[in-house]
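Novice: Quick one: this structure, given as structure tokens, is what I'll be asking you about.
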Amino acid sequence: MKIKNVMVLVGLLGSTGLMAGTTCGIDDRTVDAGLIDMNDFYGDIPSPCHDRRVSQGHAVLCQNPNMVNIAILTRMLNIYALENATRRERPALHKKPYWRSNFTTKEKICSQLEEEFEAAIGLAGYQSTLDGFQKESENRSDGTPEGNCMYLLKGGMFNGLLENVCEFDGGVKQSIMKSYDQANCRAILSQDQVNTLSKEMLSVIKGDIERNGRDAFCENARSGYEHLIGQ
């Protein structure tokens, strides 16, 4: 299963600002670079302008190719984060209509695009942060019992922290840890491995909250968490 690592891309996207050549406050060159970087796995995601069922905002969006590119890249990032979080490719999602807006002015639609884009960056960034823990024995693609257990433990810990810090109540940690127990992971992983991962996870979460504040941290993490409910 090929899942793209977007750590470098997320760092690039996270630096967006009011530079020469911007659309809706987002650097056009950054969006172009993001589309190129994501194209191998998500290049089949269509333009929202090809939707058969259009919303009021499509007339404004589809007049501006740069705004369309923001919408496409946002979709790529959201699907990337969902596929990485659930460890399952979702090719059917690539073809589904995905952009809607009831706004009819460029200003309002730009605000929507910018908010959706920044949320997607945050979501993909937190998923990439999770992937960063999977370096040595916990390689998610190696298929070993230890690697699978480390991935499940990582997901359980991260979403458990979200439930505690952000007061999310979807029961994602419980669902993941049920899979962890079914895989007999408590017998596969040592307590030292569990303790080490716990310390690393707490350090990352603490650092993110100190840099961005609790409210921003929770808002960025919300979409990814909600995607996992019921998975």
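Throughout, the working numbering is defined as the position within the sequence shown, counted from one, plus 22.
C-beta: ideal position from N, C-alpha, C; glycine also.
Please go through the same chain and pick out, in chain order, the residues whose beta-carbon is closer than 8 Å to the beta-carbon of Met223, but skip the five residues on each side of it.
Specialist: Translated into positions along the sequence shown, residue 223 becomes position 201. Excluding positions up to five away in sequence, the list reads Phe155, Lys176, Met179, Phe180, Leu183.
Novice: Hey, quick one: how far does the alpha helix (DSSP H) through Thr52 stretch, first residue to last?
Specialist: As a first step, residue 52 is located in the sequence shown; it is residue number 30 there, counting from the start. Taken as a continuous stretch (DSSP letters only), the alpha helix (DSSP H) holding Thr52 covers 50–64.
Novice: Mapping the DSSP letters down to three states, classify Leu184 as helix, strand or coil.
Specialist: Within the sequence shown, numbered from 1, the residue matching residue 184 stands at position 162. Helix at Leu184.
Novice: If Leu115 sits next to Ile101, beta carbons under 8 Å apart, how far is it from one beta carbon to the other, in whole angstroms?
Specialist: Along the sequence shown, read from residue 1 onward, the residue named residue 115 stands at position 93. Along the sequence shown, read from residue 1 onward, the residue named residue 101 stands at position 79. Leu115 to Ile101, Cβ: 6 Å. Contact.
Novice: For the alpha helix (DSSP H) that Asn242 lies in, which residues bound it at each end?
Specialist: By 1-based counting over the sequence shown, the position of residue 242 is 220. Segment 236–250, the alpha helix (DSSP H) holding Asn242.
Novice: Does the segment 190–199 come into contact with the segment 112–129, if we say contact requires no fewer than three beta-carbon pairs (one atom in each stretch) closer than 8 Å?
Specialist: Contact between the segment 190–199 and the segment 112–129 is absent, because fewer than three Cβ pairs lie under 8 Å.
Novice: Please report the residue range of the alpha helix (DSSP H) in which Ala209 lies.
Specialist: Taking the first residue of the sequence shown as 1, we reach residue 209 at position 187. Unbroken alpha helix (DSSP H) run through Ala209: 207–210.
Novice: Contact check, Cys46 vs Cys132 under 8 Å by CB: the rounded distance?
Specialist: By 1-based counting over the sequence shown, the position of residue 46 is 24. By 1-based counting over the sequence shown, the position of residue 132 is 110. Rounded, the Cβ-Cβ distance is 4 Å, consistent with contact.
Novice: Taking Cβ to Cβ, would you say Phe239 is nearer than 7 Å to Ile251?
Specialist: One-based indexing of the sequence shown puts residue 239 at position 217. One-based indexing of the sequence shown puts residue 251 at position 229. No. Outside cutoff.
Novice: So is the beta-carbon of Ile92 under 6 Å away from any non-hydrogen atom of the ligand NAD?
Specialist: Judged by which ligands are present, the structure shown has none, so any question about the ligand NAD falls away.
Novice: Count the other CB atoms within 10 Å of the CB of Thr126; is the residue buried (16 or more) or exposed (fewer)?
Specialist: The residue given as residue 126 occupies position 104 in the sequence shown. The residue is exposed, with fewer than 16 neighbouring Cβ atoms inside 10 Å.
Novice: Just mark Ile227 as buried or exposed, buried being the case when its beta carbon has 16 or more other beta carbons within 10 Å.
Specialist: As a first step, residue 227 must be located in the sequence shown, where it is residue number 205. Result: buried.
Novice: Tell me the residue span of the alpha helix (DSSP H) that contains Tyr120.
Specialist: For the purposes of this step, residue 120 is taken as the residue at position 98 of the sequence shown. Careful: Tyr120 lies outside any alpha helix (DSSP H) and carries neither H nor E.
Novice: Measure the C-alpha to C-alpha separation of Ser77 and Asn88 and round it to an integer number of angstroms.
Specialist: Indexing the sequence shown from 1 puts residue 77 at position 55. Indexing the sequence shown from 1 puts residue 88 at position 66. Spanning the two alpha carbons is a distance of roughly 18 Å.
Novice: Inspect the beta-carbon positions of Ile198 and Leu174 and report whether they are closer than 7 Å.
Specialist: As a working mapping, residue 198 is identified with position 176 in the sequence shown. As a working mapping, residue 174 is identified with position 152 in the sequence shown. Yes, the Cβ-Cβ distance between Ile198 and Leu174 is below 7 Å.
Novice: Output needed for Thr44: all residues of its chain with C-beta closer than 8 Å, excluding positions within five of it in sequence on either side, in chain order.
Specialist: Position 22 of the sequence shown, counted from the first residue, corresponds to residue 44. Closer than 8 Å at Cβ, skipping near neighbours: Asp50.
Novice: Is it right to say Asp203 is buried, meaning 16 or more other beta carbons lie within 10 angstroms of its own, or is it exposed?
Specialist: As a position in the sequence shown, residue 203 is number 181, starting the count at 1. Answer is exposed; the Cβ neighbour count stays below 16.
Novice: Would you identify the three-state DSSP class for Thr45, choosing helix, strand or coil?
Specialist: Here the question's residue 45 lines up with position 23 in the sequence shown. Three-state result, Thr45: strand.
Novice: Which of helix, strand or coil does DSSP assign to Ile67?
Specialist: As a position in the sequence shown, residue 67 is number 45, starting the count at 1. If DSSP states are grouped into helix, strand and coil, Ile67 belongs with coil.
Novice: Would you tell me roughly how many angstroms separate the C-alpha atoms of Gly65 and Glu136, rounded to the nearest one?
Specialist: For the purposes of this step, residue 65 is taken as the residue at position 43 of the sequence shown. For the purposes of this step, residue 136 is taken as the residue at position 114 of the sequence shown. Gly65 and Glu136: Cα-Cα distance of roughly 21 Å.
Novice: With H, G and I counted as helix, E and B as strand and the rest as coil, what does DSSP make of Glu140?
Specialist: Taking the sequence shown and counting its residues from 1, one reaches residue 140 at position 118. Helix.
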